[in-house]
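Visitor: Residue numbering for the sequence shown follows my numbering, beginning at 93 and increasing consecutively.
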Amino acid sequence: MTDMADADKKGDSQVVKLNKAELCPDDLLREQEAAFGRDIEKLKARRGEFVAVACPACGSADKKPAFAKFTFDYVQCGRCRTIYMNPRPSPAVMGDYYSNSENYKFWAEHIFPATEANRREKINRPWLDKIVDYCGRFSIPQGVLMEIGAGFGTFAALAGASGQFKKVLAVEPTPEMARSCRERGVTVIQKRIEEIGDDEIPAADVVVAFEVVEHLFEPKIFFQQAARRLRKGGLLVVSCPNGLGFDVQMLRDKALVVDPEHVNFFNPRSLTLLAESCGYSVLIAHTPGRLDAEYVHEAIVKGELDISGDPFLKRVLADEWDTLGWPFQQFLADNGLSSHMWLAARKN
Ligand SMILES: [Zn+2]
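1) Is SER430 helix, strand or coil by DSSP?
2) Starting from VAL278, trace the alpha helix (DSSP H) in both directions and tell me its first and last residue.
3) With 16 as the cutoff for other CB atoms within 10 Å, does GLU441 come out buried or exposed?
4) Should CYS116 be listed as close to ligand 1, given that the test is whether its C-beta is under 7 Å from any heavy atom?
5) On a CA-only basis, which of GLU213, CYS116, GLU412, ARG438 is nearest ALA374? Give me that one, please.
6) What would DSSP say about ALA99, mapped onto helix, strand or coil?
7) I'd like to confirm something about ARG171: is its beta-carbon nearer than 7 Å to some heavy atom of ligand 1, or not?
8) Measure how close the beta-carbons of PHE198 and PRO352 come, nearest whole angstrom, since I'm counting them as under 8 Å.
9) Might you give, ordered along the chain, the residues of its own chain that have their beta carbon closer than 6 Å to the beta carbon of ARG276, omitting 5 neighbours on each side?
10) Under DSSP, the beta strand (DSSP E) around ASP297 begins and ends at which residues?
11) Assuming the contact rule is C-beta atoms closer than 8 Å, PRO117 and VAL143 should be a hit. Round their C-beta distance to whole Å, please.
12) Provide the residue(s) that pair with ALA160 in DSSP beta bridges, ordered along the chain.
13) To test your reading of the DSSP string, which unbroken beta strand (DSSP E) runs of 3 or more residues are found completely within the region 300-341?
14) Buried or exposed: which applies to PRO380, given that a residue is buried once 16 or more other Cβ atoms fall within 10 Å of its Cβ?
15) Is it the case that the Cβ atoms of GLY243 and PHE257 are separated by a distance below 8 Å?
16) In the structure shown, what three-state DSSP assignment does ILE175 receive?
17) With distances taken Cα to Cα, identify the nearest neighbour of VAL330 among PHE302, ARG212, GLU194.
18) Report the option in THR266, LEU343, LYS136, GLY151 whose CA atom is closest to the CA atom of GLY170.
19) Count the other CB atoms within 10 Å of the CB of PHE314; is the residue buried (16 or more) or exposed (fewer)?
20) Around the C-beta of GLY428, are 16 or more other C-beta atoms found within 10 angstroms, so that it is buried, or is it exposed?
21) Do you know how far the Cα of LEU308 is from the Cα of ASP426?
22) Suppose contacts are defined by Cβ-Cβ distances below 8 Å. Is ASN356 in contact with THR174 by that definition?
23) For my contact list, LEU435 and ALA377 are in at a C-beta cut-off of 8 Å; report their separation, rounded to the angstrom.
24) Just to confirm the assignment, what range does the alpha helix (DSSP H) spanning ALA377 have?
Right, here's the structure in full:
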């Protein structure tokens, strides 16, 4: 790996401020929580089909309890510190969950349409700029870009319209999501990545997957399949939560990102180990997140987190929030301490 300690400052120094209401308005959040609650009850009813696993990053069986949420247990790997749900829903249970999720339906029908413009401009456009920057820095041809788990299709549509790549392909197995991609003019392969034949699509120069690997029963298969689709020397870019970041470490089970859909909380080091074990050289592993401080601030304001015994954090995250909150977030992001991370790796 290279460049890791350097934390990829370039391209992130002009970070656009973001707040969570721009991504999900509070009035929609309440309805979404109710839909999600019903999904969670269905998942609890299938607990008998959950299976025990070893660490999804390094394979170690050495672990200790981390926390529980909605009665699901999370452990932390003793070797690489990945936090993961164990036992976890079997692949069949996960498949049924996503096919019938009321939460996803609500997101697709309400939250994404209401926030798509914000997401495109404040999240997806900076992502695209960053990927184009990587292509320049690491001499990656801007031929085929493939997005795995394209979801609603906002990023893939933006990448296609930008003209930065000769071809943009989206892989999205969920029928409603694939339709949404098509409505945005995106070329979609409506299959799971492992179901796509070798000659069915061209080899990719760049494969991206945003907020995908935390959902997967066996994320190693994802890295192997992405390698299968990439040209030698091609670029893989993955984003996901960082289990060792500020939001997750402070709020633990109360962190919004800790939910039953997220079964893997890697960290920059453990995700690097996983990528390297699947034939990649990691170029960048950093944490450009923008929301940790706000989540913790909000938990303090709501009385969910008591930091009265910690006057320094109370000053930064409560008393002088308006002036110190955002600079503190930038400090977290710049030093590998945010709960949202990126990994860029080259296929060997
Ligand atoms: Zn591990």
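Using N, Cα and C, we set each Cβ at its ideal position, and we do this for glycine too.
The structure displayed is predicted, hence computed values, not measured ones.
Guide: Reading off the structure:
1) coil
2) Element bounds for VAL278: n/a, residue is neither H nor E.
3) For the chain, the structure presents residues 93 to 440; residue 441 sits outside this window and is missing.
4) no
5) A quick correction: the sequence has Val, not Ala, at residue 374. Among GLU213, CYS116, GLU412, ARG438, the Cα nearest to that of VAL374 belongs to ARG438.
6) Caution is warranted here: a pLDDT of 37 is assigned to ALA99, below 50, making its placement in the model unreliable, and the coordinate value is therefore given only provisionally. Coil at ALA99, not helix or strand.
7) yes
8) About 16 Å; that fails the 8 Å criterion.
9) GLY245, ALA249
10) 296-302
11) That pair is no contact at about 37 Å.
12) ASP165
13) 322-333
14) buried
15) no
16) strand
17) PHE302
18) GLY151
19) buried
20) buried
21) 28 Å
22) yes
23) 5 Å
24) Careful: ALA377 lies outside any alpha helix (DSSP H), inside the beta strand (DSSP E) at 372-378.
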